[in-house]
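All residue numbers for the sequence shown refer to full-length UniProt numbering, where the first residue is 1 and numbers rise by one.
We put the beta carbon where it would ideally sit given N, CA and C, even for glycine.
Let me begin by presenting the structure, written as C-alpha cells, before commenting on it.
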Amino acid sequence: MTQNASLSNKISANDPLINQAYQLLAQGKLEDVAKLLNLAQKNTTQDPRIFMLGAKLAEQQGHPASAIEAAEHAVALTPQWWPAQLEYGLLLARLDKYAPALAQAEKIFALESKEKLALAGVIDIATRCGDSAKAIAYTQRALEVYPNDPVLLMNLGRTYYFSKQYEKALQTWTQLIAIDPQQIQAYYGRLNAWVQLGQPAKAQEDIAQLLAHAPEHPVYQYYAQVVAGQTPATQPVELQRELFDGMAQQYDLHMVRVLRYELPKQIAEKIVGIFPDRTFNLLDLGCGSGLLGVYLGKVNGWVVGVDASTKMAEQAARHGIYHKIHTVNILDAVRDTPANLYEVITALDVFPYVGDLEPVLGNVHRILQSDGFFFFSTEVAEEAEQGYVLQANGRYAHTRAYLESLLELAGYAMARIEEKTLRFEAGEPVKGFVVTAQKGR
1 MTQNASLSNK
11 ISANDPLINQ
21 AYQLLAQGKL
31 EDVAKLLNLA
41 QKNTTQDPRI
51 FMLGAKLAEQ
61 QGHPASAIEA
71 AEHAVALTPQ
81 WWPAQLEYGL
91 LLARLDKYAP
101 ALAQAEKIFA
111 LESKEKLALA
121 GVIDIATRCG
131 DSAKAIAYTQ
141 RALEVYPNDP
151 VLLMNLGRTY
161 YFSKQYEKAL
171 QTWTQLIAID
181 PQQIQAYYGR
191 LNAWVQLGQP
201 AKAQEDIAQL
211 LAHAPEHPVY
221 QYYAQVVAGQ
231 TPATQPVELQ
241 RELFDGMAQQ
251 YDLHMVRVLR
261 YELPKQIAEK
271 IVGIFPDRTF
281 NLLDLGCGSG
291 LLGVYLGKVN
301 GWVVGVDAST
311 KMAEQAARHG
321 IYHKIHTVNI
331 LDAVRDTPAN
341 LYEVITALDV
351 FPYVGDLEPV
361 LGNVHRILQS
371 DGFFFFSTEV
381 AEEAEQGYVL
391 QANGRYAHTR
401 AYLESLLELA
411 GYAMARIEEK
421 TLRFEAGEPV
431 KGFVVTAQKG
441 R
C-alpha cells in the first residue's frame, strides 16, 4: 500500500468521528467534541478536518487566537482544498479581521469559482467585511454559473439596497418577481427601495401583495400608511429588530469610522463631568452595540441597557459594562419602569425611530431621580405640522418647537437644545438636536 493510500484510509477512518463531532458542536457539547477530536488525531494528525473543527471549538470557547492557529494549520495541510481555505476566511471575518479575510476570499475564489458553497462563502465574507463591491462581484459571478437562482438574486438585491444602489436593487427584485411571483421578500425589498427613493406611492403593488400574504403584520401595516402618504406615530418594534439585527456585527465600525458618529463619546464625557466620582445609575435606551458603555467605562452604580434588537444587545454585552440588557421596546420599557430610579438616562440615535415623543419624555421624567439628567438626540425638521416628519430614509425628524413644548409639558426644570452634526451620510452632515434635560427637585 502506498503512503498516500494509507493516509487516505486513515482520514476516511475519521469520517464517523468527524460527523459526530459536528453534530455535538451544533448541540453545544464542547467537551464531547474535544474528546472525539483527540480520538481522530490518534488515527492521523494529517486530517485537516480535525483542525477545522478545532478552530470552531476554540472560537466557541472564546479563544480566538487558538482558533486562528488551528485554522491556519488546516490550511497548511491542504493549501489547494477550498473548504479549509473557506473556513479560515469565514473565521477571520467573524473575528473582524477584515483585510486578511478579504484577501482570503480572493484566494478561495481563485481556487474554486464554480462550486456553489464556495461562491456563497466568499459572498458571505465580503458582506461581513462590509465590502459591497466585492459581494456584488462575487454574486454576479455566481449568477453566471447559476442563472436566475432565486437566492442569489435576492441577496444581490439586498447588497445593492444596503450599498444605496436603489435603482439596481429595484431592477434585481423585479427580475426575481418575474421569475417567481411568490417571492414575498422581493416585494418587500422593492417596497423599501421605493421608500428610500422618496417615491412610496409607486409601491402600491408591493404593499398589496404583502398585505394579502399577511394582513395583520405590523411592519406591513406601518408601510401601508407610508405608501398612503400618512405619517405613522412610531416605527413598529419588529421593523427596528429587522434593521438592527442585520447590522449588529458591523455597527460599531460603520457608525464610528464610516459615519463619523461621535455622540456616545461626547455624552460620556458630559456625564463624567457632572459625576466626577462616577457614582450614578444609568439607563441607556436604545443601547445598540454599547458604544456609550465603551466610552463611559466602569461606574459605581448600575448600567442598564434597553434595545429591541437581540443581536445588538449581544454585542453590547461583550463589553462587560452593562449589568443588565433588556431586549424590549423602549416605549414599553420606560412605561413599565418604577419611578425615581436613575440619575442618568440616555437615548442616543433612538428617536429617529419614534415620531410621537410625548409618552417617552413624560415617562423618562417620572423614572429619573430628583435632579437627574436626560440626554437624547433627534434629527432636525425645520417645519412639521404635528412636530415631526418621516423622512425618505425611514427616520423621523423633529422640530425644535415640538421638543421645547414636550419638555415643558413633561415638567423638566432645565432643558438645553443644541443643534449640531450627528454624523455624515454620503459625506454630507446630518443635522440634529442634542438635548440635555434635568428633572429638578
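Beta-carbon proximity list for residue 447, same chain, < 8 Å, skipping 5 on both sides: A query on residue 447 cannot be resolved here, the shown segment of the chain reaching from 1 to 441 and no further.
Leaving out five residues before and five after Pro-429 in sequence, what residues of the same chain have Cβ atoms less than 7 Å from its Cβ? Counting only Cβ-Cβ distances below 7 Å, and skipping sequence neighbours, we find Thr-421.
Around the Cβ of Ala-413, are there at least 16 other Cβ atoms within 10 angstroms (buried) or fewer (exposed)? Within a 10 Å sphere around the beta-carbon of Ala-413 sit fewer than 16 other beta-carbons, which makes this residue exposed.
At the level of alpha carbons, what is the spacing between Gly-427 and Ala-392? Near 18 Å, if we compare the C-alpha coordinates of Ala-392 and Gly-427.
Does the count of Cβ pairs from the stretch 280–298 and the stretch 321–330 closer than 8 Å reach three? Counting C-beta pairs closer than 8 Å gives three or more between the stretch 280–298 and the stretch 321–330, which meets the contact rule.
Suppose contacts are defined by Cβ-Cβ distances below 7 Å. Is Val-360 in contact with Leu-390 by that definition? Contact annotation: Val-360 and Leu-390 have beta-carbon atoms that are not nearer than 7 Å.
Would you say Leu-39 and Leu-25 are within 7 Å of each other, going by their C-beta atoms? The answer is no: Cβ separation not under 7 Å.
When you compare only the Cα positions, how much space is there between residue 451 and Glu-425? With the chain running from 1 to 441 in the structure shown, residue 451 is simply not present.
Give the single residue among Ile-271, Gln-386, Phe-244 whose Cα lies nearest to the Cα of Leu-292. Ranking Ile-271, Gln-386, Phe-244 by CA distance to the CA of Leu-292 puts Ile-271 first.
Start-to-end residues for the alpha helix (DSSP H) that takes in Lys-265: Its alpha helix (DSSP H) spans residues 263–274.
Inter-residue Cα distance where the pair is Thr-436 and Gly-290: The straight-line gap from Cα to Cα measures roughly 20 Å.
Of the residues Asp-15, Val-227, Ser-370, Met-154, the one placed nearest Asp-180, counting alpha carbons only: Asp-180 has its Cα closest to that of Met-154, out of Asp-15, Val-227, Ser-370, Met-154.
Need the endpoints of the alpha helix (DSSP H) that Tyr-138 sits in, please. Its alpha helix (DSSP H) spans residues 132–145.
Can you give me the C-alpha to C-alpha distance between Gly-372 and Asn-363, rounded to a whole angstrom? Asn-363 has its alpha-carbon roughly 13 Å from the corresponding atom of Gly-372.
Just to confirm before moving on: does the CB-CB distance between Met-52 and Ala-76 stay below 7 Å? Against a cut-off of 7 Å, the Cβ pair of Ala-76 and Met-52 comes out as no contact.
Could you name the residues that DSSP lists as bridge partners for His-323? DSSP, once it has assigned bridges, lists no residue as partnering His-323.
Could you check what DSSP says for Asp-15 in three-state terms: helix, strand or coil? Here Asp-15 sits in helix by DSSP.
Which same chain residues end up closer than 7 Å to Ala-21 when comparing Cβ atoms and leaving out the 5 residues on each side of it in sequence? Non-local beta-carbon contacts of Ala-21 in its own chain, meaning distances under 7 Å to residues more than five positions away in sequence, involve Val-33, Leu-36, Leu-37, Leu-53 in chain order.
Considering only the beta carbon of each residue, do Ser-232 and Gln-240 sit closer than 7 Å? It should be pointed out that residue 232 corresponds to Pro in this sequence rather than to Ser. No, these two residues do not count as a Cβ contact at 7 Å.
Using only the alpha-carbon positions, how far apart do Pro-215 and Val-195 sit? One Cα belongs to Pro-215, the other to Val-195, and the distance between them is close to 20 Å.
Hey, how far is the Cα of Tyr-261 from the Cα of Arg-49? About 42 Å.
Leaving out the 5 sequence neighbours to the left and right, which residues in its chain are closer than 8 Å to Ala-401 when beta-carbon positions are compared? These residues qualify, in order along the chain: Gly-387.
Can you list, in chain order, the residues of its chain with a C-beta nearer than 6 Å to that of Gly-355? Leave out the 5 residues immediately preceding and following it. Ala-233, Thr-234, Tyr-388, Tyr-396.
Apply the 10 Å Cβ neighbour rule to Gly-121 and answer buried if 16 or more other Cβ atoms are within range, or exposed otherwise. By the neighbour-count rule (16 or more Cβ atoms within 10 Å), Gly-121 is buried.
Using a C-beta cutoff of 7 Å, does Ala-71 count as contacting chain B? No chain B appears in this structure, which consists of one protein chain only.
Taking all protein chains shown into account, do 16 or more other C-beta atoms lie within 10 angstroms of the C-beta of Val-306, making it buried, or fewer, making it exposed? Val-306 should be labelled buried.
Are Glu-238 and Pro-218 closer than 7 Å when you measure CB to CB? A Cβ-Cβ contact shorter than 7 Å links Glu-238 with Pro-218.
Below 8 Å, can you find three or more Cβ-Cβ pairs linking the stretch 79–97 to the stretch 106–124? Yes, the stretch 79–97 touches the stretch 106–124.
By DSSP's criteria, Ser-377 is part of a beta bridge. Which residues make up the other side? Ser-377 is bridged to Val-434.
Which residues does DSSP list as the beta-bridge partners of Lys-298? Lys-298 is not bridged to any residue.
Taking the alpha-carbon positions, what's the Glu-242 to Tyr-223 distance? Taking the straight line from one Cα to the other gives about 14 Å.
List the endpoints of the continuous beta strand (DSSP E) containing Glu-418. Per DSSP, the continuous beta strand (DSSP E) segment holding Glu-418 begins and ends at 414–425.
If I measure Cβ to Cβ from Gln-140 and keep anything under 8 Å in the same chain, skipping five residues before and after, which residues do I get? Leu-156.
Please list, in chain order, all residues of the same chain as Asp-15 whose beta carbon is under 7 Å from its beta carbon, the five residues on each side excluded. When the five nearest sequence neighbours on each side are left out, no beta carbon in the same chain lies closer than 7 Å to the beta carbon of Asp-15.
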